[in-house]
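Scroll down for the structure; my scribbles are underneath it.
There are 2 protein chains.
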Amino acid sequence: MHEKLTLGATIGIVGGGQLGRMLAFAAARLGFRTIILDPDAACCAAQAANAVIVGAYDDVDALKQLAAGSAVVTYEFENVPVGPMRALAGTVPVFPPVNALEIAQDRVVEKAFLNGIGVPTAEWRAIDDTQELDHAMQEFDTDCILKTRRFGYDGKGQASIRRKSPHGELYESLGGVPAILERKVPFDFELSVIAARGQDGTITAYDPAENVHSMGILKSSTVPGRITPETAEAAKAIAATILERLGYVGVIGVEFFVTGEALVVNEIAPRVHNSGHWTEGACLISQFEQHIRAIAGLPLGTTERHFDAVMENLVGSEVNAALALAAEPNVLLHLYGKGEARPGRKMGHLTRIHPRDDGNRVKEG
Amino acid sequence: MHEKLTLGATIGIVGGGQLGRMLAFAAARLGFRTIILDPDAACCAAQAANAVIVGAYDDVDALKQLAAGSAVVTYEFENVPVGPMRALAGTVPVFPPVNALEIAQDRVVEKAFLNGIGVPTAEWRAIDDTQELDHAMQEFDTDCILKTRRFGYDGKGQASIRRKSPHGELYESLGGVPAILERKVPFDFELSVIAARGQDGTITAYDPAENVHSMGILKSSTVPGRITPETAEAAKAIAATILERLGYVGVIGVEFFVTGEALVVNEIAPRVHNSGHWTEGACLISQFEQHIRAIAGLPLGTTERHFDAVMENLVGSEVNAALALAAEPNVLLHLYGKGEARPGRKMGHLTRIHPRDDGNRVKEG
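This is the structure we're talking about:
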């Protein structure tokens with residue numbers, strides 16, 4: 001189902017966290033209205049939206065209300081329940097398409113899909129009990145990571161296992177839920193591509209960022225970092241293949257491990273992505289506006305990068321130093337208006353811009 | 001009264017038009033909460049704010065409510081009643097200071113202030129009746145403009161008078177209210193400076209823009225346009241003098257006429273200014289963030305300009321073509337989410353960026 005929004009149309013956003021907030025701001029700048037669905041009336045996206053529907057993500061009445069008030073519906077995180085979203089998609093266009101949501105929600109389905117379209121991932125095995133874990137660890141005979149198939153984020157729901165180490169209790173300690181064992185990739189660094197596909201099939205991608213995680217949470221994204229032009233092109237091409245095969249509309253984040261020149265996909269996120277926040281400071285059109293453009297049926301914007309950039313997350317109490325950072329030149333500060341700075345909670349980010357090292361400049365429009 | 005806001009503090013904004021809206025977005029990005037005071041609950045700034053207090057700008061109860069909920073109060077237009085704002089300033093810090101509001105509200109007081117601190121303006125006479133108008137027209141013996149002293153904006157409340165032409169009914173046609181006659185300045189072009197002063201006395205100014213008006217409404221702002229570096233520096237220096245002498249805090253817009261190398265000030269606006277909207281696309285820190293930084297007691301941001309830029313207003317039905325403009329590369333579109341596209345109503349703007357003609361680049365931070 002396609003939809004070209006008219007001036008002042010309303011966009012429904014499932015999820016009222018910082019990504020929903022930044023999407024709502026971008027939508028407003030294009031003259032669109034927004035309604036947020038979130039269980040918390042005081043969610044941080046409320047400040048940026050015309051209205052908040054308070055309800056669980058699988059609350060059928062709340063979803064109906066959202067659909068009734070929206071010309072198109074999108075979501076800010078991949079753990080939205082698939083069933084209700086599929087029902088919603090029968091009454092209002094939902095972008096990105098629900099099949100992408102379904103694939104990204106389950107690490108086994110995700111990797112099977114990626115391998116099926118020829119995209120390399122870490123070697124993996126589906127794990128449903130301790131015996132399967134034993135067999136797979138013997139078979140791989142290397143360091144591995146055990147992850148729950150569903151509902152993992154920011155490093156939650158996963159555990160490393162060293163080669164030949166005891167792991168008797170490990171499967172149960174993750175809750176005894178369906179899991180996946182992945183062979184640990186001895187990567188040099190991690191990168192991500194933020195790409196988008198429009199309703200007309202146009203695909204664009206921002207330059208990839210080199211990402212550093214700490215305790216499972218993204219710490220920084222650096223563009224271009226250590227990424228060679230060849231690796232950047234290869235990563236963008238893989239992202240484009242994924243978008244094509246999903247019949248995708250919207251922004252996607254694709255995370256990779258880089259080993260030498262080799263790329264394997266770690267995971268895909270069918271939404272705007274933390275590692276794309278730097279686009280706000282270094283590009284005319286941010287990932288948030290790009291997503292709104294795509295789902296609104298507008299032409300995608302330029303992904304031209306005008307600066308080298310380093311984005312740093314402000315996690316937990318790091319936010320307390322944020323306002324002092326405003327004194328640094330070339331820093332764009334972005335706080336999420338969240339109340340309590342709990343440990344591990346993403347409270348904001350900053351982007352430092354620098355002249356492009358390669359001397360590239362904006363091209364005449 | 002000074003005030004350094006803490007993380008998550010609330011900023012009160014008097015006026016819910018597009019300037020209030022853009023200020024609210026900038027405040028949110030720095031993690032602040034906002035309350036808008038506007039007579040219209042559906043004002044376009046409501047989308048960007050945490051709360052709206054519906055009330056007239058001189059509604060004492062509404063203003064008390066605003067003061068009670070805000071750590072600092074600012075305003076988005078210069079026709080806010082001075083008396084209530086002065087009363088408000090006794091209970092909560094108000095920036096820009098109310099004396100700037102008072103001066104900018106009355107064209108006679110404004111010009112007397114400017115001339116008093118050595119800033120040149122067009123020659124002028126206060127006009128309180130038809131006889132005074134006759135005398136002044138004879139004395140000036142040139143084309144002139146008659147303006148109401150108060151409540152003029154977007155070319156409203158003014159009329160041109162040609163030298164030696166009949167003007168018998170003209171004074172009454174403007175309502176018979178106190179007026180000012182200004183000698184018409186034979187300018188080459190108009191420019192404006194968007195400057196800011198922080199609570200610590202620091203002054204910054206963006207590069208001046210060349211402005212074109214049509215039917216009294218700003219049509220475009222071009223940076224650098226025909227402005228020489230010398231004229232730019234002179235205009236910035238005058239803006240700095242005005243800020244100093246007012247003990248100002250916040251962003252100010254200073255409009256000039258340029259004739260050869262000579263500058264005269266046309267008017268000052270104690271607020272963010274339409275001719276500064278280009279800063280959003282061409283600078284890391286926009287005029288809106290700069291204003292929020294100033295009134296929040298934060299360090300002012302860099303005013304470095306990374307691109308040449310042309311800002312165009314989308315007035316009335318021009319907005320209907322806006323979404324198609326998204327197809328142009330290097331265009332940053334900004335719509336205000338207003339409902340009806342009435343003639344003369346500012347509905348949005350766009351900024352086109354181009355590489356700097358002088359080859360200047362961002363400096364290392």
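Chains A and B, in that order, are what the protein sequence lines are.
For the first sequence, position 274 matches number 274 in the UniProt record's numbering, and the numbering has no gaps at all.
For the second sequence, position 223 matches number 223 in the UniProt record's numbering, and the numbering has no gaps at all.
Note that the Cβ used here is the ideal one computed from N, Cα and C, for glycine as well.
On a predicted model such as this, the values are computed, not experimentally measured, just so you know.
Within-7 Å CB hit, residue i to chain B
| i | result |
| --- | --- |
| R342(A) | no |
| V362(A) | For V362(A), the predicted structure reports a pLDDT of 47, less than 50, and the residue's modelled location is therefore unreliable. A value from the coordinates is still provided. Chain B contact via Cβ: present. |
| L101(A) | no |
| T302(A) | yes |
| L314(A) | no |
| P299(A) | yes |
| A309(A) | no |
| L323(A) | yes |
| L174(A) | no |
| P186(A) | no |
| L19(A) | no |
Contact check, residue i vs residue j, beta carbons under 7 Å
| i | j | result |
| --- | --- | --- |
| G301(A) | P343(A) | no |
| T10(B) | R33(B) | yes |
| E78(B) | G20(B) | no |
| I295(B) | F95(B) | yes |
| A326(B) | L333(B) | yes |
| A136(B) | L181(B) | yes |
| A67(B) | I53(B) | no |
| R149(A) | V119(A) | no |
| N320(A) | H349(A) | no |
| C144(A) | K111(A) | no |
| residue 379(B) | N211(B) | Because chain B spans 1 through 365 in this model, residue 379(B) falls outside it and cannot be assessed. |
| A51(A) | I35(A) | yes |
| residue 422(A) | W278(A) | This structure cannot settle anything about residue 422(A), because the visible part of chain A is limited to 1 through 365. |
| P93(A) | Y57(A) | no |
| T121(A) | V264(A) | yes |
From the options, residue whose alpha carbon lies closest to that of residue i
| i | options | result |
| --- | --- | --- |
| Y262(B) | E289(B), I268(B), G12(B) and I227(B) | Note on residue identity: the sequence assigns Ala, not Tyr, to residue 262(B). Closest option to A262(B), Cα to Cα, is I227(B). |
| G69(A) | T91(A), P84(A), A48(A) and G83(A) | T91(A) |
| A28(A) | D38(A), P39(A), F256(A) and G12(A) | G12(A) |
| G225(A) | K219(A), A209(A) and A235(A) | A209(A) |
| T202(B) | E190(B), I194(B), A240(B) and G17(B) | A240(B) |
| A45(B) | L37(B), G16(B) and L30(B) | G16(B) |
| A282(B) | V72(B), H354(B) and N211(B) | H354(B) |
| V193(A) | P329(A), A104(A), I252(A) and G348(A) | I252(A) |
| V223(B) | H306(B), G55(B), L88(B) and D129(B) | H306(B) |
| Q131(B) | A179(B), L350(B) and K219(B) | A179(B) |
| F288(A) | P299(A), G297(A) and R271(A) | R271(A) |
| D308(A) | E255(A), S221(A), G247(A) and R125(A) | S221(A) |
| A235(B) | S214(B), M215(B), V258(B) and R245(B) | V258(B) |
| V72(B) | L101(B), H273(B), G250(B) and A48(B) | G250(B) |
| G297(B) | A237(B), E318(B), I117(B) and A196(B) | A196(B) |
| E3(A) | Q199(A), L218(A), D358(A) and L323(A) | Q199(A) |
| I285(A) | M22(A), Y248(A) and K64(A) | M22(A) |
| I103(A) | E190(A), L191(A) and L243(A) | L243(A) |
Proximity test, Cβ basis, 7 Å: residue i and chain A
| i | result |
| --- | --- |
| G337(B) | yes |
| G31(B) | yes |
| P229(B) | no |
| A205(B) | no |
| A326(B) | yes |
| P270(B) | no |
| L170(B) | no |
| P97(B) | no |
| H334(B) | yes |
| P93(B) | no |
| P329(B) | yes |
| A282(B) | no |
| A28(B) | yes |
Near-chain A residues of the stretch 34-55 of chain B - C-beta to any C-beta below 7 Å: Q47, A48 and N50
4 or more residues per run - each alpha helix (DSSP H) lying fully within the stretch 311-351 of chain B: 322-325
Residues in the stretch 285-298 of chain B having any Cβ partner in chain A nearer than 7 Å: R293 and L298
Whole beta strand (DSSP E) elements within the stretch 119-153 of chain A, 3-residue minimum: 124-127 and 144-148
Start-end ranges of the beta strand (DSSP E) lying completely within the stretch 39-95 of chain A, minimum 3 residues: Entirely contained in the stretch 39-95 of chain A, the beta strand (DSSP E) runs reaching 3 residues are, in chain order, 51-54 and 72-75.
Cβ-based contacts, 8 Å cut-off: residues of the stretch 241-273 of chain A near chain B: Flagged: no residues at all.
Runs of alpha helix (DSSP H) lying entirely within the stretch 210-291 of chain B, each at least 4 residues, in chain order: 229-246 and 279-282
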